[in-house]
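A short worksheet on the structure shown next.
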Amino acid sequence: MTGGTSVNEPRGPVHSGNGPQFNAPIWISEDAFGRLTRRGPDPRRISLQRRRLLRRRFAPPRHFYDALERLSAPGAVVLLDGPRGSGRRAAATMLLHRSCGDGGRLEELSAEPEQREGRLDPGPSDHYLLDLSNVSHADYFGAQRLLASYRSTVEESSARMAVVLPDGLDHLLDTDLRPLVVHLGRPRGAAVLRLYLRLDGIPFTREETDEEALRHFLVTAPMRELAKLADLIRRARDSGRHGNHFSAWCAEAMAAVTDWAGEAARQVSSHRTVQERAMLLTAAMFSGASADAVFHGSDCLLRTLDHAGDEMPRLAQSDLGEQLESLKIRRDTEGRIGFERLAYDSAIRTHFWKNFPDLRDGLRDWVEYAARLPDLTRDDRMNLVERFAEQALGAGRPDHLWSLVERWTRPGGRMSLNAEAASTLERGLAHERYGGRFRAQTYEWAAGRTALSADLVRVLTEVCRQVMASTHPAQALVRLHHLALRPGGEEIGEARTALLELARGSRRLRARLTGRLLSPESSNGHANLELYLDLVEPLGLRAREPWPQLAELWTAVMDEGPVETWSPTVGRWLSALRTDEGRHHALGVLLDAASGRNDVLNRLYAITCDWAATALHTPGRHPDHRAATATLFWSMIDRVQGVGSAGGSSTSF
Numbered sequence: 001m002t003g004g005t006s007v008n009e010p011r012g013p014v015h016s017g018n019g020p021q022f023n024a025p026i027w028i029s030e031d032a033f034g035r036l037t038r039r040g041p042d043p044r045r046i047s048l049q050r051r052r053l054l055r056r057r058f059a060p061p062r063h064f065y066d067a068l069e070r071l072s073a074p075g076a077v078v079l080l081d082g083p084r085g086s087g088r089r090a091a092a093t094m095l096l097h098r099s100c101g102d103g104g105r106l107e108e109l110s111a112e113p114e115q116r117e118g119r120l121d122p123g124p125s126d127h128y129l130l131d132l133s134n135v136s137h138a139d140y141f142g143a144q145r146l147l148a149s150y151r152s153t154v155e156e157s158s159a160r161m162a163v164v165l166p167d168g169l170d171h172l173l174d175t176d177l178r179p180l181v182v183h184l185g186r187p188r189g190a191a192v193l194r195l196y197l198r199l200d201g202i203p204f205t206r207e208e209t210d211e212e213a214l215r216h217f218l219v220t221a222p223m224r225e226l227a228k229l230a231d232l233i234r235r236a237r238d239s240g241r242h243g244n245h246f247s248a249w250c251a252e253a254m255a256a257v258t259d260w261a262g263e264a265a266r267q268v269s270s271h272r273t274v275q276e277r278a279m280l281l282t283a284a285m286f287s288g289a290s291a292d293a294v295f296h297g298s299d300c301l302l303r304t305l306d307h308a309g310d311e312m313p314r315l316a317q318s319d320l321g322e323q324l325e326s327l328k329i330r331r332d333t334e335g336r337i338g339f340e341r342l343a344y345d346s347a348i349r350t351h352f353w354k355n356f357p358d359l360r361d362g363l364r365d366w367v368e369y370a371a372r373l374p375d376l377t378r379d380d381r382m383n384l385v386e387r388f389a390e391q392a393l394g395a396g397r398p399d400h401l402w403s404l405v406e407r408w409t410r411p412g413g414r415m416s417l418n419a420e421a422a423s424t425l426e427r428g429l430a431h432e433r434y435g436g437r438f439r440a441q442t443y444e445w446a447a448g449r450t451a452l453s454a455d456l457v458r459v460l461t462e463v464c465r466q467v468m469a470s471t472h473p474a475q476a477l478v479r480l481h482h483l484a485l486r487p488g489g490e491e492i493g494e495a496r497t498a499l500l501e502l503a504r505g506s507r508r509l510r511a512r513l514t515g516r517l518l519s520p521e522s523s524n525g526h527a528n529l530e531l532y533l534d535l536v537e538p539l540g541l542r543a544r545e546p547w548p549q550l551a552e553l554w555t556a557v558m559d560e561g562p563v564e565t566w567s568p569t570v571g572r573w574l575s576a577l578r579t580d581e582g583r584h585h586a587l588g589v590l591l592d593a594a595s596g597r598n599d600v601l602n603r604l605y606a607i608t609c610d611w612a613a614t615a616l617h618t619p620g621r622h623p624d625h626r627a628a629t630a631t632l633f634w635s636m637i638d639r640v641q642g643v644g645s646a647g648g649s650s651t652s653f
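By UniProt numbering, the letter at position 615 of the sequence shown is numbered 615, and the numbering carries on one by one without gaps.
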């Protein structure tokens, strides 16, 4: 297995195609002790829930069922081609979901060769998605070599894989891969929109969705724009400010989709002073926050950009209400600000980031400072993170996000912004175009030699545990392993705990961590020894344990650690044995680990004697059970050492 991913929805809660979407779940918050915690479902269930949600909102494109029939054969690989924006990734996800069902294992493979975490190791029930939709012309030949490697492994193991091909590069596709291609058509736009409207409980008539302006949009717009339109119609209805019937909601939503960019440009152009423009942008970034927060945020923006310096006395200037009114910014009865027109704040934000490229670094600095304003609530700060992430990634500046993560986790800040830093990383990791860049950055932080602050380690730990573990579990494990080997304090212990939880939750991940620990390249002896001991710690030994791997770990423990470090674990190991079958396997593991070393075998004999004796003097123990286990183990040790009966080998696996 490589850096696999449990497949999520295609970057949004609805059927969509390529392009950035920002519907990542914000689970991160801080408890009363400043620790990061998760809001919402267990991350191991998130992927399945999202696939179920996508299934409800999925309109099959033309030839979808042809692809589904091809994927029904064990070892099948299907390559999906189609115009950009036609929903290819959603179609690939639904193909795999229908094939494997709710209980199947569905993961996404990394399209970046440098992010492959070991070899692919699938089973017959495994399903994989490989999204090459954002691969460039220059990288396509390398991506096809990677695809060929994946294909061979999938076919040999009888697994299944769906691949999303890049748009416009079909002439470069290798001839050996062409027979695997299914050309998807664009879903009917009207059918897609009506499906969304029905699911949102929005009343409409077929005639209302056949209006001329709407009909043209439905025929030409990408799936992601149809999803956006449906969401805006719902928001227009829920706001209660844009009429009480579908035509009015749809008109307001269509204006937001098609008209507000020009209106925003005209408004910015008509307000030439730095104070007015700072207030307008701050209101757009802080929409929903208090008027006081907007006032102080605007002042912070002017100072950050070195634009402060109005020499007019404050009492001679316009008051806050006048400024808001002149900019057509409303203030509700609770003192929170917003714009009258639906989604107009988004148009204002986009205008500034698109048309003032020389200010982007300064705006990044402003967001760093503004997040600490005391007038902002936690929700306000999370909204600020979401809006900044959307603009920075839309402008091609993912580095602005990880720069904020580093700044917000520096020691000595007035307030903890770990949750905001984690949310920033979460949004970057969920981005369709830049998710790989963010995974690479998390690796650079975790594995690099640069010292990390304790808070950055904590943020990386929780993002690996809660975000990457439900998307790219193998890559999360690698990063947590690097973090666990770093010098530090409590934060390193937290990383190690997260690593062990992840590894113990999956036989494959446990095998991967074992392989990393026992690799010749692994050189951090003391830290690795502690992990060896943690991994052999018995948590209720059963017959179907990965016995060969446990034997390798026990061998490393006995080779590298003094007896006093591992003898208590042997005692707990013996106490955990419950069944005859599991007892023979587990004792055989210890014998194999000590094979050829009489000193260790003698020590195991003595440890077992002490362990059995404690049952005679400890209330609640079961001396008969312990005596039976000890007698069996002693006889096995005797046979290995050639004492008593003829010598023999230990239990084989």
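Even glycine gets a Cβ: it sits at the ideal position worked out from N, Cα and C.
*Around the Cβ of Thr93, are there at least 16 other Cβ atoms within 10 angstroms (buried) or fewer (exposed)?*
Thr93 is buried by the Cβ-count criterion.
*State the DSSP-derived secondary structure class of Glu108, mapped to helix, strand or coil.*
Glu108 falls in the strand class under three-state DSSP.
_Using C-beta distances below 8 Å, list every residue in its chain close to Gly308, excluding the 5 sequence neighbours before and after it, in chain order._
Residue identity check: residue 308 is Ala in the sequence provided, not Gly. These residues qualify, in order along the chain: Asp299 and Leu302.
_Cβ neighbours of Arg465 in the same chain (closer than 6 Å, five flanking residues each side left out)_ = Ala498
*What's the C-alpha gap between Phe472 and Val385?*
For the sequence presented, residue 472 should be read as His rather than Phe. Distance between the alpha carbons of His472 and Val385 is about 23 Å.
*Cβ-based burial, His281 [other Cβ within 10 Å; buried from 16]*: The residue you asked about is not His; residue 281 is Leu in the sequence shown. Buried, by the Cβ-count rule.
*Identify, in the order they occur along the chain, each residue of the same chain with its Cβ nearer than 6 Å to the Cβ of Ser635, setting aside the five sequence neighbours on each side.*
none
*Determine the direct distance from the alpha carbon of Arg62 to that of Trp366, and round the result to whole angstroms.*
47 Å
*Asp131 (DSSP reduced to helix, strand or coil)*: The three-state secondary structure of Asp131, taken from DSSP, is strand.
*For the alpha helix (DSSP H) that Asp200 lies in, which residues bound it at each end?*
Here Asp200 belongs to no alpha helix (DSSP H), and DSSP marks it neither H nor E.
*Excluding the 5 residues preceding and the 5 following Glu491 in the sequence, name in chain order all residues of the same chain whose CB lies nearer than 6 Å to its CB.*
Non-local beta-carbon contacts of Glu491 in its own chain, meaning distances under 6 Å to residues more than five positions away in sequence, involve Ala454, Val457 and Arg458 in chain order.
*Per DSSP, what kind of secondary structure is Met254 in: helix, strand or coil?*
helix
*Is it true that the CB of Met558 sits closer than 9 Å to the CB of Trp547?*
No, Cβ-Cβ distance for Trp547 and Met558 is not below 9 Å.
*Give the DSSP-derived three-state secondary structure of His245 in the structure shown.*
coil
*How far does the alpha helix (DSSP H) with Asp81 in it reach, from first residue to last?*
Careful: Asp81 lies outside any alpha helix (DSSP H), inside the beta strand (DSSP E) at Val77 to Asp81.
*Going by C-alpha distance, which of Ala256, Ala253, Ala284 and Thr258 is nearest Val268?*
The option with the nearest alpha carbon to Val268 is Ala284.
*Rounded straight-line distance, which links the Cα of Leu517 to that of Leu533*: 11 Å
*Can you tell me which of the three DSSP states Arg160 falls into?*
strand
*Is it the case that the Cβ atoms of Leu106 and Leu71 are separated by a distance below 9 Å?*
Contact flag unset, no.
_First through last residue of the beta strand (DSSP E) which encompasses Val182_ = Val181 to His183
*Buried or exposed: which applies to Tyr65, given that a residue is buried once 16 or more other Cβ atoms fall within 10 Å of its Cβ?*
exposed
*Please confirm if the segment 162 to 177 is in contact with the segment 209 to 222, defined as three or more CB-CB distances below 8 Å between the two stretches.*
no
*asked:* Among Arg52, Ala76 and Asn134, whose alpha-carbon lies nearest the alpha-carbon of Glu432?
replied: The shortest Cα separation from Glu432 among Arg52, Ala76 and Asn134 belongs to Asn134.
*At which residue ranges does the segment 432 to 510 contain complete alpha helix (DSSP H) runs of 4 or more residues, listed in the order of the chain?*
435 to 447, 454 to 466, 473 to 484 and 490 to 504
*Going along the chain, which residues of its own chain have a beta-carbon closer than 7 Å to the beta-carbon of Phe246, five neighbours each way excluded?*
Taking Phe246 as the centre and dropping the five residues before and after it, the same chain places the C-beta of Ile202, Pro203, Phe204 and Glu208 closer than 7 Å to its C-beta, in chain order.
*Length at least 4, wholly inside the segment 552 to 618: the alpha helix (DSSP H) runs in chain order*: 563 to 575, 580 to 593 and 598 to 617
*Does the distance from the C-beta atom of Thr514 to that of Leu535 stay below 9 Å?*
yes
*Near Asn330, which residues of its chain fall below 8 Å by C-beta distance, leaving aside the five closest residues on each side in sequence?*
It should be pointed out that residue 330 corresponds to Arg in this sequence rather than to Asn. Cβ within range, chain order: Leu324, Ile337, Gly338, Phe339 and Glu340.
*According to DSSP, is Phe217 helix, strand or coil?*
Correct three-state label for Phe217: helix.
*Sort Leu226, His127, Glu322 and Val589 by Cα distance to Cys250 and report the nearest one.*
Leu226
*Assuming Ala278 and Phe286 make a contact with CB atoms under 8 Å, what is their CB distance in whole Å?*
The C-beta distance from Ala278 to Phe286 rounds to 12 Å, too long to meet the 8 Å contact threshold.
*Hey, is the segment 77 to 89 in contact with the segment 174 to 187, meaning 3+ C-beta pairs nearer than 8 Å?*
yes
*Would you identify the three-state DSSP class for Asp638, choosing helix, strand or coil?*
helix
_Within a Cβ cutoff of 6 Å, which residues of the same chain sit near Val163, ignoring the five residues on either side of it in sequence?_
Leu79 and Leu130
_Buried versus exposed, by CB contacts within 10 Å (16 or more), Arg572_ = Burial call: exposed.
*Using three-state DSSP, classify Arg44 as helix, strand or coil.*
Interpretation of Arg44 is limited by its pLDDT of 44, a score under 50 that renders its predicted location unreliable; the figure taken from the coordinates is listed afterwards. Arg44: helix per DSSP, three-state reduction.
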